[in-house]
Amino acid sequence: MVHDSEQTDTTGTNQFEKNRFFDGKLMTAGDMRTEQQYHAERLELVTRHTTGSGIVRGLGVRSVESTDGELAISVDSGVAIDGVGRPIVVDSPTTKSVPAPEGEEIHLFVRFDEVALESVPVPDADGPPSETEANRHVEVFELIYRESPPDQESIPMVDLAANTSADDPRTVADRIAAGYHEKYRSDDVDGETAVYLGGFEREADGSWVRSQTAPQPEYAYDHDLLYATLIEHIADTENPHQTEVEAEPPEPQLDPAEVDGIHERVDYLQSELADVKRRQQTATTHLLRKTLDTTARLFRSTAEMFADHSGPVSKTAREIAQQVDDASRAESYTDTDQYLSTLRELYPSLAAFGDQLSGITSESTVDRYLDAVAELREALEADQPVEDVAVGLDGVAEAAVDLDLLHSATAEL
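In the working numbering, the protein residues as written are 44 to 456.
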């Protein structure tokens, strides 16, 4: 395995170097490495400075068990971003063994790694091959533990009071961004490259359980999470900050001369309330449209994935994508009742798609898809808020595109 110390340092901000191609150029191994490093380093730089590090999806710790002087650690499939900006992919539920610790508490991490593949002979100009080299590297992961908890960074604080005195929204936004940039953004990169999965402690009987005092797993704050948080805040027009108010406000001592001013204030508040409701409706409409567009796109990708393996499954996925496209073109997202009616009409096709997956995709990914469809059905039947139903539809589409094909699957006409 190739550990961090053996890999090129990509945490700096040096200028990027890339190949210049021309007819007749002799490409060496060094040129090929430069080409790979150029693309990898650009992606890692942008990722670590915009997305940050942490768990993106999955990677829950299923169990930690002691076995013959070792610890067997089982984790779910998932994706994480390490401190350098590299993706760490666990493609299926995995169990790995590590040496048993001496202490009573451990903290689990997943770390980027590479494994050499395909040993091939290296030609020697003066004679027969005398050496071998790995022909490929596959990016894998390593599960490790430490007996001390990770250092956790404090949450950045934005001084809104000092930056929101202007009336122009553009000026306010620029001041907030400038203040945050000056205080928190620097070229310093944390030396930690492993991603924290959680802490565990040993019970009296020797079993391991999740520690109640250890830090929480490290999650990445992706755009969907931040967007959903913002929408939830905007949509809560009653009391978004959970501020305690008096059940019975005190009787106001009104001066008759101030009545006209009170009427003006009431008119102003009514205007503000109407504006808030308009903005809430705009945000909801945007959310509903986004879920339809995303669902159509992901089911088209799913149809392409199954095209060479199962014609019926691919056809059903294309029909779902077309049905959602038609609903989006009809602007069903502008009316919540019409949107919900569209999803009720779509549900039988989503369920039928799941019934066709047996024997073609892995059992775990089929179960995940069927669970997502069941959650969508429950949201529709329980008349949950339309935003919750939209999130349920997103879950179905993501589960569909994440289906794993079995290697033994053959084409069905």
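Even for Gly, the Cβ is constructed at its ideal location relative to N, Cα and C.
Residue i - containing alpha helix (DSSP H), residue span
i: Phe396; result: Thr379 to Asp398
i: Val416; result: Glu406 to Glu424
i: His352; result: Careful: His352 lies outside any alpha helix (DSSP H) and carries neither H nor E.
i: Glu441; result: Val429 to Val444
i: Glu87; result: Ala72 to Thr93
i: Ile277; result: His266 to Ala278
Exposure of residue i, with buried meaning 16 or more beta-carbon neighbours within 10 Å
i: Met348; result: buried
i: Thr385; result: buried
i: Phe396; result: buried
i: Phe59; result: exposed
i: Leu456; result: At Leu456, the pLDDT of 45 sits below 50, so the modelled position is not reliable and the matter cannot be decided from this model.
i: Ser135; result: exposed
i: Ser120; result: buried
i: Thr453; result: With a pLDDT of 49 at Thr453, under the threshold of 50, the modelled position of that residue is not reliable, and no figure is offered here.
i: Arg76; result: exposed
i: Leu330; result: buried
i: Val367; result: buried
i: Ser407; result: exposed
i: Val356; result: buried
i: Arg411; result: buried
i: Leu268; result: exposed
i: Glu246; result: exposed
i: Arg179; result: exposed
i: Gly128; result: buried
i: Leu449; result: exposed
i: Leu419; result: buried
i: Ser48; result: Caution is warranted here: a pLDDT of 42 is assigned to Ser48, below 50, making its placement in the model unreliable, and no coordinate value can be reported.
i: Ala237; result: buried
i: Phe64; result: exposed
i: Glu307; result: exposed
i: Glu261; result: buried
i: Ala346; result: buried
Cβ distance (whole Å) where residue i is taken to contact residue j below 8 angstroms
i: Ser191; j: Ala177; result: Going by Cβ atoms, the distance from Ser191 to Ala177 rounds to 35 angstroms, so no, they are not a contact pair.
i: Ala83; j: Gly112; result: 38 angstroms between Cβ atoms; not a contact.
i: Ile116; j: Thr90; result: Actually they are not in contact, since the Cβ atoms of Ile116 and Thr90 sit about 26 angstroms apart, beyond 8 angstroms.
i: Ala257; j: Gly242; result: 2 angstroms
i: Val319; j: Thr280; result: 6 angstroms
i: Lys61; j: Glu78; result: 7 angstroms
i: His352; j: Ile274; result: About 37 angstroms separates the two Cβ atoms, so there is no contact after all.
i: Leu186; j: Val122; result: That pair is no contact at about 15 angstroms.
Sub-8 angstroms separation of residue i and residue j beta-carbons
i: Ala422; j: Val409; result: no
i: Val132; j: Leu160; result: no
i: Ser106; j: Gly126; result: no
i: Glu235; j: Pro166; result: no
i: Gln323; j: Ile277; result: yes
i: Thr338; j: Leu436; result: yes
i: Ala417; j: Ala442; result: no
i: Thr379; j: Val429; result: yes
i: Asp265; j: Val158; result: no
i: Asp336; j: Ser371; result: yes
i: Glu244; j: Glu388; result: no
i: Leu393; j: Val439; result: yes
i: Tyr188; j: Phe152; result: yes
i: His150; j: Tyr239; result: yes
i: Leu316; j: Val444; result: no
i: Asp447; j: Ser405; result: yes
i: Ser140; j: Leu114; result: yes
Endpoints, the beta strand (DSSP E) within which residue i is located
i: Tyr239; result: Val238 to Arg245
i: Asp167; result: Glu148 to Asp167
i: Glu113; result: Glu113 to Val118
i: Ala123; result: Gly121 to Ile124
i: Ile98; result: Gly97 to Gly101
i: Glu108; result: Val104 to Thr110
i: Pro142; result: Thr137 to Pro142
i: Val252; result: Trp251 to Arg253
i: Pro258; result: Counting along the chain, Pro258 falls outside any beta strand (DSSP E), and DSSP gives it neither H nor E.
i: Pro130; result: Pro130 to Val133
Residue-chain proximity (residue i, chain C), Cβ-Cβ < 8 angstroms
i: Gly241; result: Of the chains in the structure shown, none is chain C; there is only one protein chain.
_the stretch 107 to 127 touching the stretch 245 to 261, judged by at least three CB pairs closer than 8 angstroms_ = Judged by pairs of C-beta atoms under 8 angstroms, the stretch 107 to 127 touches the stretch 245 to 261, as three or more such pairs exist.
*Is there contact here, the stretch 357 to 367 with the stretch 315 to 332, by at least three beta-carbon pairs under 8 angstroms?*
Short answer: they don't touch.
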